[in-house]
Amino acid sequence: MMELLLLLLPVAAASGWMAAKRSDCKGKQLYAERNPDYYKGLNFLLNEQPDKAIDVFVQMLEVDSDTVETHLALGNLFRRRGEVDRAIRIHQNLIARPTLKSDHRAQALLELGQDYMRAGLYDRAESLFQELIELNLHREQALRNLLVIYEREKEWSKSLDTAIRLEAITGEQLQNQRAHYYCELAEQAHAVADTAVASEYLKQAYACDKKSVRAAILLGEVDRAKGNHKAAIKIFKKIAENNPAYLPIVLPSLRNCYTDTNAELKFKQYLFKLYAENKGLVEAVTLTQIIRDDEGHRSAVAFLKEYLTDHLSLDGLHHLVALNLNDESMMSSEMLLLVRRLLDKLLEESPLYKCDTCGFNAKAMHWQCPSCNNWSSIKPVQISV
Ligand SMILES: [Zn+2]
12 MMELLLLLLP VAAASGWMAA KRSDCKGKQL YAERNPDYYK GLNFLLNEQP
62 DKAIDVFVQM LEVDSDTVET HLALGNLFRR RGEVDRAIRI HQNLIARPTL
112 KSDHRAQALL ELGQDYMRAG LYDRAESLFQ ELIELNLHRE QALRNLLVIY
162 EREKEWSKSL DTAIRLEAIT GEQLQNQRAH YYCELAEQAH AVADTAVASE
212 YLKQAYACDK KSVRAAILLG EVDRAKGNHK AAIKIFKKIA ENNPAYLPIV
262 LPSLRNCYTD TNAELKFKQY LFKLYAENKG LVEAVTLTQI IRDDEGHRSA
312 VAFLKEYLTD HLSLDGLHHL VALNLNDESM MSSEMLLLVR RLLDKLLEES
362 PLYKCDTCGF NAKAMHWQCP SCNNWSSIKP VQISV
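Start counting the sequence shown at 12; every next residue gets the next number (my numbering).
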């Protein structure tokens, strides 16, 4: 609750000061005298009674430009603390006041919309943001919030419209995002086997981002669904070569294309070529599966073990252990050596000491944390599963 007060006290002081200044020239009463409820509310906050404080603020007869900022700040703070119901109460109360100036009303609408978002009440939030856009007030923020809502609700057509409007008023470039929205729409069409519509959306995705890997992957899948395996293979190979980072996603799709057309041998040849060039884990693991099918378990294990000797990784070892799980005789000393090498590497990279308070990682023991200055907050780390 201290943060509430830290925030509100300066506002209170400023309000009092402004009113006092005005009273000098216009002979008005001091703010606090004019509005003792204000301090009553602060007092409740001081005593950790936020609901009573809100009652006082909500029942205050007068909300003028001095106090409205405080109401907004208080509501905002409640929202940030996750106390959304309280934030909503404060903002709804503001909006209900007929004397509220239009710019303050717009600000309160924006805040209330964010409260609703935080509470997961997307329909209500959406209509408030739309109202603001129609009023031509806080348009940019309203559009940004709407975009978040539409993405969460997977309303891709609305996301597209909103992104275009946002680009128009901010000059921002959102092509990458828009390409993904088209890909989402294409995925939906592909899921119900509507390849024509899916292809149309993918064209649009490419128009936004001609390097879109996602659009390329989807185009390959749509081609495969159409029975156009040759085109699909060409696309998947191109991705594998130009964007090897996506190989784990593309390789199974490529394999499916070859399996569909009974051309496993061609897939194997291509996989060997990729493996020879990259020595990547995905290629090695896929090859291990093929070797197991063709030559049996022992050959597969031998192949993967040899691969890991030069290219040790956590993922790779995980595959090797899984391959050996039902075979005790396979738990060889070579395997233990690999496990030990990997554990050494992991321990070397992991922190030995960690601060309970701020999360600071240390290599040596400190009785006082160098980051947050707390005493006895650093303890040795124990890794457990
Ligand atoms: Zn610390």
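Glycine is no exception: its CB is placed at the ideal position from the N, C-alpha and C atoms.
The Cβ atoms of Y193 and A207 lie no closer than 8 Å to each other. Ranked by Cα distance from K290, the options T270, T272, Y318 are led by Y318. Between ligand 1 and the CB of N385, the shortest heavy atom gap is smaller than 7 Å.
Scanning its chain for C-beta atoms nearer than 7 Å, with the 5 sequence neighbours on each side dropped, one finds around S388 the residues C366, D367, T368, C380, in chain order. For P381, the three-state secondary structure derived from DSSP is coil. Within 7 Å of the C-beta of T110 there is not a single heavy atom belonging to ligand 1. A buried status is given to L265, since no fewer than 16 other beta-carbon atoms sit within 10 Å of its beta-carbon.
Where C369 is concerned, there is no enclosing beta strand (DSSP E), because DSSP gives it neither an H nor an E. Going by DSSP, P259 is part of no beta strand (DSSP E) but of the alpha helix (DSSP H) stretching over 258 to 271.
In the structure shown, K222 adopts coil according to DSSP, grouped into three states. Annotation for C194 indicates a beta carbon at 7 Å or more from all heavy atoms of ligand 1. Shortest gap from the CB of T368 to any heavy atom of ligand 1: under 7 Å. DSSP places P391 in no alpha helix (DSSP H) but in the uninterrupted beta strand (DSSP E) bounded by 389 to 391. The residues L105, I106, in chain order, have a CB closer than 8 Å to that of R116 in the same chain once the five nearest residues on each side in sequence are set aside. Annotation for H330: V296 place their beta carbon closer than 6 Å to its own, counting only its chain and skipping 5 residues before and after.
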